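Residue 39 in the UniProt record's numbering sits at position 39 of the sequence shown, with consecutive numbering throughout.
Backbone N, C-alpha and C fix where the C-beta goes; we use that ideal spot for every residue, glycine too.
Being a predicted model, the structure only gives us computed values, none of them experimental.
Down below is the structure, laid out as structure tokens.
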Amino acid sequence: MIGGRRAVCRGACGFMDGVHGSAVLRAAGRCLLPLVIPASCVLWVLFFFPSPPLEVAVRRESFQPSVTLPVLVQRVVDMTPPPPERGEIIDASPPPPSPSPPPPETARHARAESPPPPTTRQERPARAAATDRCAGRYIYIHKLPSRFNSDLLRDCRSLSEWTDMCRHVANSGIGPRLTRTGGVLPATGWYDTNQFTLEIIFHARMKRYGCLTADVSRAAAVYVPYYAGLDVGRYLWGFSNGVRDALAEDLAEWLRSTPAWAAHGGRDHFLVGGRIAWDFRREDSGEGSQWGSRLLLLPEASNMTALVIEASPWHAATDVGVPYPTYFHPWRAADVSAWQRGLRRTRRPWLFAFAGGGRGNNVQHGGGVVRDRIITQCARSRRCGLLRCGARGQRDGCYDPGNVMRLFKSAAFCLQPRGDSYTRRSAFDAILAGCVPVFFHPGSAYTQYRWHLPRDHSTYSLFVSEDGVRNGTVRLEDVLRRFSAGKVAAMREQVIRMIPAVVYRDPRAPSSSGAFRDAVDVSVDGVIERVRRIKQGRSPGGDDDGGEHRWDGYFDKQ
Ligand SMILES: *[C@@H]1O[C@H](CO)[C@@H](O)[C@H](O)[C@H]1NC(C)=O
Ligand SMILES: *[C@@H]1O[C@H](CO)[C@@H](O)[C@H](O)[C@H]1NC(C)=O
């Protein structure tokens, strides 16, 4: 399987697609010369996205309050019902299954155990294990030299050639607060968050973790606050392999020299990579420059657990998928409940929606064909809302959080085909909007986010095999309209209940009583359990391993 993967410039055009995962021109060819890549990306966009006439497209002007809004957008903002010819309203405002909205907890992750004690910044005094609420949950944070993390933020201008990352690293990585969303989003809790800043957010959250210890021998797991994705992100285009690997190799050497490493050979260590795993596994076989760094191929990193926004299906011993950061960073549980309540009431005139860019009919890339078919189906359906990304213009509507959330909040189903990698940030935007995600490949979510999404995928999402879309026998509108309003409402309720576990709480909020279990809390629990199994010499994945083999065929086919 590994040998079947092509060495292509994955991620090469990530800066052009605001909603797409790591956004990569997988089939765009090998990365031969530094200058060819940005240039070819521009050509790609000009060639493949010439804005064909669309029945419905939310235009970029639509989120400027001073501009006359297109009729459909106006309607969503005003919350008035659509005209009859747009089809019946899928969400006829059925009452939520439970009379009173549940507290913001996930259906699956609700725990009997009590939350960690209020903000324990230092190690608690030694006590009998029975009375220590942190027993078995202590985390030790490596005190890395600043070159592995904070120096990268200080030099934020070097993080991306195309995106002003200095804006996005602000506020502990959640970026600038959103102020002009045309009434789509609440005034607080929403930020212009870049999809590659998870390392900063996670680090800030861990500094406020309730059960830190300075004594590594008491730690259930060891956190390595290295900004792996920001590091390699600086050098993906036009640098030598040596430059891309330098800091990762430096880290490996530094870690190996510490007493904390020696105890378990690093197998109780974990790090966070805010990019797809592919960006950290450059295989140097074959000729020419290949993509990414070799971080996760280093023997030291192979012993650790890597939390990445897209795990490699072939490296379950190391990788675990964790949610992409979205735009919502609530401070306390009440902020989440308020948003959840609003979602239950919102009208959803569209049966389904898609936000993203096309890929062109490149025969080498099966996912791209499917994606383009899906865009065509959406564009031709009167019941599909389409937000087209990558169209020419100074500003891409897909970069506007209000625009994306407005569309997803007004649709019952949100299509999430893979693009150039398996996953997309857009899947989490859809969940955040209470829009039932439709996946076309198990690698887009089911095999990725096992800690954060319910095990029974059919309760919150729909799976449509790519084959039928590719060969034209599946018409999505026909598939989706068969669901009764009651069934859709039940799935939506499950999606809404998943929100707390997939959002990243505002890292500046204290981990005190008003807090809720967010994506970091779920991740840390997962790491602790995983390390416990590793120390016992058991399989790190636990019971999950068996059940997920049913998807293996989808990966073999690649
Ligand atoms: C990885 O873990 C194994 C088993 O604990 C150990 O023998 C090995 O030395 C570790 N590798 C490194 C690079 O420390
Ligand atoms: C299209 O794909 C579906 C799903 O794999 C399959 O059942 C069907 O036979 C295919 N039809 C054609 C005409 O290839």
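Presumed contact (8 Å Cβ cut-off) between Phe413 and Leu386, rounded CB distance: Your numbering for residue 413 matches position 413 in the sequence shown. Your numbering for residue 386 matches position 386 in the sequence shown. In fact, because the Cβ distance is near 13 Å, the residues do not count as touching under 8 Å.
Tell me whether the beta-carbon of Thr305 lies closer than 7 Å to the beta-carbon of Arg530. Within the sequence shown, residue 305 is the residue found at index 305, counting from 1. Within the sequence shown, residue 530 is the residue found at index 530, counting from 1. Yes. Within cutoff.
DSSP three-state assignment for Ile534, whether helix, strand or coil: In the sequence shown, the residue the question calls residue 534 occupies position 534. Correct three-state label for Ile534: helix.
Own chain residues within Cβ distance below 6 Å of Leu476, not counting five before or after: Numbered from its first residue, the sequence shown carries residue 476 at position 476. So the list reads Gln377, once near-sequence residues are dropped.
Phe439 to Tyr446, Cα distance in whole Å? What you label residue 439 is simply residue 439 of the sequence shown in a count that begins at 1. What you label residue 446 is simply residue 446 of the sequence shown in a count that begins at 1. Looking at the two C-alpha atoms, the distance is approximately 9 Å.
Assumed close pair Gln340, Ile499 - CB separation to whole angstroms, cut-off 8 Å: Indexing the sequence shown from 1 puts residue 340 at position 340. Indexing the sequence shown from 1 puts residue 499 at position 499. With 8 Å as the limit, Gln340 and Ile499 qualify as a contact, their Cβ atoms being about 6 Å apart.
For the segment 448-457 and the segment 496-512, state whether three or more C-beta atom pairs, one from each stretch, are separated by less than 8 Å. yes
Taking DSSP as the reference, what is the three-state secondary structure of Glu161? In the sequence shown, residue 161 corresponds to position 161, counting from 1. Of the three classes helix, strand and coil, the one that applies to Glu161 here is coil, per DSSP.
Is Asp478 near ligand 2, with its Cβ less than 6 Å from a heavy atom? Here residue 478 corresponds to residue number 478 of the sequence shown, with the count starting at 1. No; taking the cut-off as 6 Å, the Cβ of Asp478 has no heavy atom of ligand 2 nearer than that.
How many angstroms separate the CA atom of Ser421 from the CA atom of Phe555? By one-based count along the sequence shown, residue 421 stands at place 421. By one-based count along the sequence shown, residue 555 stands at place 555. Computed Cα separation, rounded: 12 Å.
Helix, strand or coil: which one does DSSP assign to Trp190? Along the sequence shown, read from residue 1 onward, the residue named residue 190 stands at position 190. Three-state DSSP puts Trp190 in a strand.
Alpha-carbon to alpha-carbon, Arg256 and Asp400: Your numbering for residue 400 matches position 400 in the sequence shown. Your numbering for residue 256 matches position 256 in the sequence shown. Asp400 and Arg256: Cα-Cα distance of roughly 43 Å.
Going along the chain, which residues put their C-beta within less than 7 Å of some heavy atom in ligand 1? Arg256, Trp261, His264, Gly265, Gly266, Arg267, Pro299, Glu300, Asn303
Take every Cβ of the segment 135-150, pair it with every Cβ of the segment 368-377, and state whether three or more of those distances are shorter than 8 Å. no
Closest Cα partner of residue 627 within the set Gly443, Arg450, Val404, Ser410: Because the chain in this structure spans residues 1 to 558, residue 627 falls outside the shown range and cannot be described.
Validate contact between the segment 202-221 and the segment 131-146 using beta carbons, cut 8 Å, 3 pairs: yes
According to DSSP, is Ile174 part of a helix, a strand, or is it coil? Residue numbering aside, residue 174 sits at position 174 when the sequence shown is read from its first letter. Three-state DSSP puts Ile174 in coil, outside helix and strand.
Which whole-angstrom value describes the C-beta separation of Gly273 and Asn303, a residue pair presumed to lie in contact below a C-beta threshold of 8 Å? Mapped onto the sequence shown, residue 273 falls at position 273. Mapped onto the sequence shown, residue 303 falls at position 303. Actually they do not touch by this definition, with Cβ atoms about 15 Å apart.
If we require 4 or more residues per run, which alpha helix (DSSP H) segments fall completely within the segment 458-485? 466-470, 476-481
Three-state secondary structure (DSSP) at Glu529? Locating residue 529 in the sequence shown gives position 529, where the first residue counts as 1. In the structure shown, Glu529 sits in a helix (DSSP, three-state: H, G or I).
Tyr235 versus Asp478: straight-line alpha-carbon distance, rounded: Residue 235 sits at position 235 when you count from the first residue of the sequence shown. Residue 478 sits at position 478 when you count from the first residue of the sequence shown. So the two alpha carbons sit approximately 45 Å from each other.
Under a three-way DSSP split, which group does Arg275 fall into? As a first step, residue 275 is located in the sequence shown; it is residue number 275 there, counting from the start. Correct three-state label for Arg275: strand.
May I ask you to check if the CB of Thr473 is nearer than 6 Å to at least one heavy atom of ligand 2? For this step, residue 473 is matched to residue 473 along the sequence shown. For ligand 2, at least one heavy atom lies less than 6 Å from the Cβ of Thr473.
Terminal residues of the continuous beta strand (DSSP E) containing Pro299? The residue labelled residue 299 in the question sits at position 299 within the sequence shown. That residue, Pro299, is in no beta strand (DSSP E); its alpha helix (DSSP H) goes 299-303.
Which class does His329 belong to by DSSP, given the choice of helix, strand or coil? Within the sequence shown, numbered from 1, the residue matching residue 329 stands at position 329. His329: coil per DSSP, three-state reduction.
In chain order, which continuous runs of the beta strand (DSSP E) of length 3 or greater are located wholly inside the segment 241-276? 269-276
Quick one: grab the DSSP three-state call for Gln340. Here the question's residue 340 lines up with position 340 in the sequence shown. Three-state DSSP puts Gln340 in a helix.
For Glu123, which of helix, strand or coil comes out of DSSP? Counted from its first residue, the sequence shown places residue 123 at position 123. Low confidence applies here, because Glu123 scores a pLDDT of 47, under 50, leaving its location unreliable and the question unanswered by this model.
Neighbourhood of Arg208 by C-beta distance below 6 Å, restricted to the same chain and skipping five residues each side: Residue numbering aside, residue 208 sits at position 208 when the sequence shown is read from its first letter. So the list reads Ser511, once near-sequence residues are dropped.
Give the straight-line distance between the Cα atoms of Arg30 and Val522, rounded to the nearest whole angstrom. For the purposes of this step, residue 30 is identified with residue 30 of the sequence shown, where counting begins at 1. For the purposes of this step, residue 522 is identified with residue 522 of the sequence shown, where counting begins at 1. Residue placement at Arg30 cannot be trusted, given a pLDDT of 42 that sits under 50; what the coordinates show is reported in the next sentence. Approximately 38 Å between the Cα atoms of the pair.
Taking buried to mean at least 16 other C-beta atoms within 10 Å of its own C-beta, is Ser484 buried or exposed? Within the sequence shown, residue 484 is the residue found at index 484, counting from 1. It is exposed - the Cβ of Ser484 has fewer than 16 other Cβ atoms within 10 Å.
Can you determine whether any heavy atom of ligand 2 sits closer than 6 Å to the C-beta of Gly468, and answer yes or no? Along the sequence shown, read from residue 1 onward, the residue named residue 468 stands at position 468. Because some heavy atom of ligand 2 lies under 6 Å away, the Cβ of Gly468 counts as near it: yes.
Please classify Gly233: does DSSP put it in a helix, a strand, or coil? Here residue 233 refers to the residue found at position 233 when the sequence shown is read from its first residue. DSSP places Gly233 in helix when its eight states are reduced to three.
Determine the DSSP secondary structure at Tyr223, reduced to helix, strand or coil. Stepping through the sequence shown from its first residue, residue 223 is reached at position 223. Three-state result, Tyr223: strand.
Burial state of Pro313, where buried means 16 or more other Cβ atoms lie within 10 Å: Along the sequence shown, one-based indexing puts residue 313 at 313. Pro313 comes out buried.
Return helix, strand or coil for Gly356, following the three-state DSSP convention. On the sequence shown, residue 356 is found 356 positions in, with the first residue counted as 1. Note: Gly356 maps to strand in three-state DSSP.
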